[in-house]
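Participant: One structure coming up, written as structure tokens, with questions to follow.
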Ligand SMILES: [Ca+2]
Ligand SMILES: [Ca+2]
Ligand SMILES: [Ca+2]
Ligand SMILES: [Zn+2]
């Protein structure tokens, strides 16, 4: 049930040469290899989906290709190739002989054919050398830069001047998947990833490790370059970035495993993270979510996974970075990678000036431009971070389900109130995306999500709200009409027997009153207020407070001119509201989800008036 974020480092910025191509297969001449292949074509990757084979129970991935030119074999317009490995739900498998194919890739495919007729790429990635990279604007003609591809293409053309060979019509792709977000780095299904702090009006914080710098640069110059590089992207998106300080990371920035939503910029490579001889810097993110996206919200119909953290490493020993404007340009480029940008082109003699002049071009321009974006870059990044309509957002919820012989139908028991927010509108639509409901059923009425257990269950183990486990789970999301929020999880974390069907579980009654029976003593009924703190016993159960301690109640524990603290239940959602006149209340900031019993709010809104605050536990 656990999903682990998996890391991805995006390709590097190269100063000149391309990395070498390595093979671990038996040596063969290009002509021998094209003769050994069952079929050969030049094709573009359209998309992919993983599935569990009914035959062997294992995970496979089928990839759809659009055939541009056939060399060997009679090809339909699209074909399917199948390999071991991939991800199904939250389970993944990798196979080293599966080629790494991404939507938009244009490659020469040397294919093998299995006894059942299905196709596979012969000899892994070496059987599918890249012909060109797809960008937002495609070059008119294919340019071949990989020497392996040049040799194989030439051998295929010579050996098979007209397409002859097996009839592959039966292997036509069953589905066409468009490249959803051209120019963004994606998984094999064309799904990219994004940070969501900006959707909540919150900045993405960044930390800088400046333990070493390119020779001649001062720390002040370097930090100013970092600030300029972030501003270039902030100016064309809804994003804001906030400097969180200079600190030594102690390891390569990519290897910091704290998924705190921050971006870590390491302005040096003291940890020798970068191996490419001409690489100036790298940028990447760690992300998580379903392979089909959703945890990062959707923008105009395109689903995204969620970025958990970002990182950037600069090869400070490269002489090219000693020029401040080039240092700034490379920072800007690598931040683009952190924001999911792919290269505009990796063609060293790119004829399209829009692609060649892009900040995301694979080679540094080193022409004094610094952090100045090209015309290519803004519309590409805006696919993930639009300028003026951000997706809605909400907060994950948890349920401790009460079960009884007759399932209690009591307001607030076995249900949560969903709240959605959006920086532009209050008009949001809530829907259930999917649910895992093995022990009951979820139902949505208005904004109330109810779980009805299917039986009178005895007490279960209580799962950790900080973890990812659940007994049952619903995924919901808000839509603003154009964009949708990240999936909002509502997880069932425990089942609790309630013999007396009053909504207060036996284990809770026994803990505080010594008996599960509300009739065993005075003031133990659900509507009684045993400790006289103004909150009924059943509402104390709902709040997570003690029904026999008047100090244990939703209350402020400290207030000051800079912050509020209150007694909270960890991982519940609290809204903070403010007023000047006790009539009109407004949200003082985003809701707070404490991770301890201390709720805390410090981000007071600017006001020239005296403000009064109240905290509401979202039911
Ligand atoms: Ca919106
Ligand atoms: Ca009470
Ligand atoms: Ca109490
Ligand atoms: Zn790059």
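In this note's numbering, the protein residues as written are -15 to 603.
All C-beta atoms, glycine included, are put in the ideal place defined by N, C-alpha and C.
From a predicted model like this one, the values you see are computed outputs, not experimental measurements.
1. Use the C-beta contact count for residue 518: other C-beta atoms within 10 angstroms, 16 or more gives buried, fewer gives exposed.
2. By DSSP, does residue 365 sit in helix, in strand, or in coil?
3. Out of 299, 175 and 238, which has the shortest C-alpha to C-alpha gap to residue 199?
4. Would you tell me roughly how many angstroms separate the C-alpha atoms of residue 256 and residue 263, rounded to the nearest one?
5. Alpha carbon to alpha carbon, how far is residue 543 from residue 447?
6. Quick check on residue 482: does DSSP put it in helix, strand or coil?
7. Using only CA atoms, which one of 258, 28 and 69 lies nearest to residue 44?
8. Roughly how many angstroms lie between the CA atoms of residue 6 and residue 104, to the nearest whole one?
9. Do you know whose CA, among 566, 306, 362 and 343, lies nearest residue 353's CA?
10. Give a yes or no on whether the C-beta atoms belonging to residue 147 and residue 58 are separated by under 9 Å.
11. What runs of the beta strand (DSSP E), each 3 residues or longer, lie entirely inside the region 202 to 267?
12. Out of 145, 384 and 47, which has the shortest C-alpha to C-alpha gap to residue 553?
13. Drop a sphere of 10 angstroms on the beta-carbon of residue 600, count the other beta-carbons inside from all chains shown, and report buried for 16 or more, exposed for fewer.
14. With a cut-off of 8 Å on the beta carbons, I'd call residue 520 and residue 510 a contact; round off their distance for me.
15. Of the choices 266, 361, 346 and 282, whose alpha-carbon is the least far from that of residue 318?
16. Is any heavy atom in ligand 4 found nearer than 8 Å to the beta carbon of residue 344?
17. In terms of residue numbering, what span does the beta strand (DSSP E) encompassing residue 189 cover?
18. Return helix, strand or coil for residue 371, following the three-state DSSP convention.
19. For residue 515, is the beta carbon positioned less than 8 Å from some heavy atom of ligand 2?
20. Residue ranges of each beta strand (DSSP E) run of no fewer than 3 residues wholly in the region 473 to 532, ordered along the chain?
21. In whole angstroms, give me the CA-to-CA distance for residue 12 and residue 20.
22. Could you check the C-alpha separation between residue 288 and residue 460 for me, to the nearest Å?
23. Where does residue 562 sit, in a helix, a strand or coil, going by DSSP?
24. Bridge partners for residue 25 per DSSP, in chain order?
25. What residues in its chain sit with their C-beta under 8 Å from that of residue 49, if we drop five residues either side in the sequence?
26. Using DSSP bridges, identify the partner residues of residue 631.
27. Any idea if residue 451 is buried or exposed, counting beta-carbon neighbours within 10 angstroms, 16 or more meaning buried?
28. Measure the alpha-carbon distance for residue 75 versus residue 489 and round it to whole angstroms.
29. I need the straight-line Cα distance from residue 476 to residue 603, nearest angstrom please.
30. From 441, 135, 468 and 90, pick the residue whose C-alpha is nearest to that of residue 286; which is it?
31. Work out the CA separation of residue 294 and residue 584 for me, nearest whole Å.
32. Taking 8 Å as the cut-off, is the CB of residue 267 close to at least one heavy atom of ligand 4?
33. If you check the beta carbons only, do residue 376 and residue 463 fall under 9 Å apart?
34. Classify residue 124 as buried or exposed, calling it buried when 16 or more other Cβ atoms lie within 10 Å of its own Cβ.
35. Nearest-angstrom Cα distance between residue 396 and residue 532?
Facilitator: To lay it out plainly:
1. Residue 518 sits at position 534 when you count from the first residue of the chain shown. Classification of residue 518: exposed, given that the 10 Å Cβ count is below 16.
2. What you label residue 365 is simply residue 381 of the chain shown in a count that begins at 1. In the three-state DSSP reduction, residue 365 falls in the helix class (H, G or I).
3. Here residue 199 refers to the residue found at position 215 when the chain shown is read from its first residue. Checking every option, the nearest Cα to that of residue 199 belongs to 299.
4. The sequence position of residue 256 within the chain shown is 272, counting from 1. The sequence position of residue 263 within the chain shown is 279, counting from 1. When rounded, the distance between both Cα atoms is 12 Å.
5. As a working note, residue 543 is residue 559 in the chain shown. As a working note, residue 447 is residue 463 in the chain shown. Computed Cα separation, rounded: 33 Å.
6. By 1-based counting over the chain shown, the position of residue 482 is 498. Looking at residue 482 - three-state DSSP - the assignment turns out to be coil, as it is neither helix nor strand.
7. By one-based count along the chain shown, residue 44 stands at place 60. In this structure, 69 is the residue among 258, 28 and 69 with its C-alpha nearest to the C-alpha of residue 44.
8. To locate residue 6, count along the chain shown from 1; it is residue 22. To locate residue 104, count along the chain shown from 1; it is residue 120. Only weak support is given to the placement of residue 6: the predicted model assigns it a pLDDT of 32, under 50, and the value that follows is read from those uncertain coordinates. Those two C-alpha atoms are separated by around 20 Å.
9. To locate residue 353, count along the chain shown from 1; it is residue 369. It is 343 whose Cα lies nearest to the Cα of residue 353.
10. One-based indexing of the chain shown puts residue 147 at position 163. One-based indexing of the chain shown puts residue 58 at position 74. In this structure, residue 147 sits near residue 58, with a CB-CB distance shorter than 9 Å.
11. Those beta strand (DSSP E) runs which fall completely within the region 202 to 267 and span 3+ residues are 225 to 230 and 247 to 250.
12. The sequence position of residue 553 within the chain shown is 569, counting from 1. Distance from the Cα of residue 553 is smallest, within the candidate group 145, 384 and 47, for 384.
13. Locating residue 600 in the chain shown gives position 616, counting from the first residue. Classification for residue 600: exposed.
14. For this step, residue 520 is matched to residue 536 along the chain shown. For this step, residue 510 is matched to residue 526 along the chain shown. The beta-carbon distance between residue 520 and residue 510, rounded to whole angstroms, is 7 Å. This is short enough to meet the 8 Å contact definition.
15. Translated into positions along the chain shown, residue 318 becomes position 334. Closest by alpha carbon: 266.
16. Position 360 of the chain shown holds residue 344. Distance from the C-beta of residue 344 to the nearest heavy atom of ligand 4 is below 8 Å.
17. Mapped onto the chain shown, residue 189 falls at position 205. Counted as a single uninterrupted DSSP element, the beta strand (DSSP E) harbouring residue 189 occupies residues 188 to 193.
18. The residue labelled residue 371 in the question sits at position 387 within the chain shown. The answer is coil: DSSP assigns residue 371 none of H, G, I, E or B.
19. Position 531 of the chain shown, counted from the first residue, corresponds to residue 515. Distances from the CB of residue 515 to the heavy atoms of ligand 2 include at least one below 8 Å.
20. Those beta strand (DSSP E) runs which fall completely within the region 473 to 532 and span 3+ residues do not exist here.
21. Within the chain shown, numbered from 1, the residue matching residue 12 stands at position 28. Within the chain shown, numbered from 1, the residue matching residue 20 stands at position 36. Residue 12 and residue 20 have their alpha carbons spaced roughly 10 Å apart.
22. Here the question's residue 288 lines up with position 304 in the chain shown. Here the question's residue 460 lines up with position 476 in the chain shown. Each residue's Cα considered, the two are about 15 Å apart.
23. Counted from its first residue, the chain shown places residue 562 at position 578. Reduced to three states, the DSSP call for residue 562 is strand.
24. Taking the chain shown and counting its residues from 1, the one referred to as residue 25 is at position 41. Bridge partners of residue 25: 54 and 93.
25. As a working note, residue 49 is residue 65 in the chain shown. Same-chain partners within the cutoff: 25, 27, 28, 29, 30, 62, 63, 64, 65, 93 and 157.
26. Outside the shown range of the chain, which is -15 to 603, sits residue 631, and nothing can be said about it.
27. Translated into the one-based positions of the chain shown, residue 451 becomes position 467. Residue 451 should be labelled exposed.
28. For the purposes of this step, residue 75 is identified with residue 91 of the chain shown, where counting begins at 1. For the purposes of this step, residue 489 is identified with residue 505 of the chain shown, where counting begins at 1. Roughly 35 Å between the two C-alpha positions.
29. The residue given as residue 476 occupies position 492 in the chain shown. The residue given as residue 603 occupies position 619 in the chain shown. Cα to Cα, the separation comes out at about 15 Å.
30. The sequence position of residue 286 within the chain shown is 302, counting from 1. Nearest in C-alpha terms to residue 286, of all of 441, 135, 468 and 90, is 468.
31. Residue 584 sits at position 600 when you count from the first residue of the chain shown. Residue 294 sits at position 310 when you count from the first residue of the chain shown. Approximately 26 Å, taken between the alpha carbons.
32. Taking the first residue of the chain shown as 1, we reach residue 267 at position 283. Within the cutoff, so yes.
33. The sequence position of residue 376 within the chain shown is 392, counting from 1. The sequence position of residue 463 within the chain shown is 479, counting from 1. With contacts defined as CB atoms closer than 9 Å, residue 376 and residue 463 qualify as a contacting pair.
34. Position 140 of the chain shown, counting from 1, holds the residue named residue 124. For residue 124, the pLDDT reaches just 38, beneath the cut-off of 50, and the residue's location in the model is therefore unreliable, leaving the point undetermined.
35. Against the chain shown, residue 396 aligns to sequence position 412. Against the chain shown, residue 532 aligns to sequence position 548. When rounded, the distance between both Cα atoms is 21 Å.
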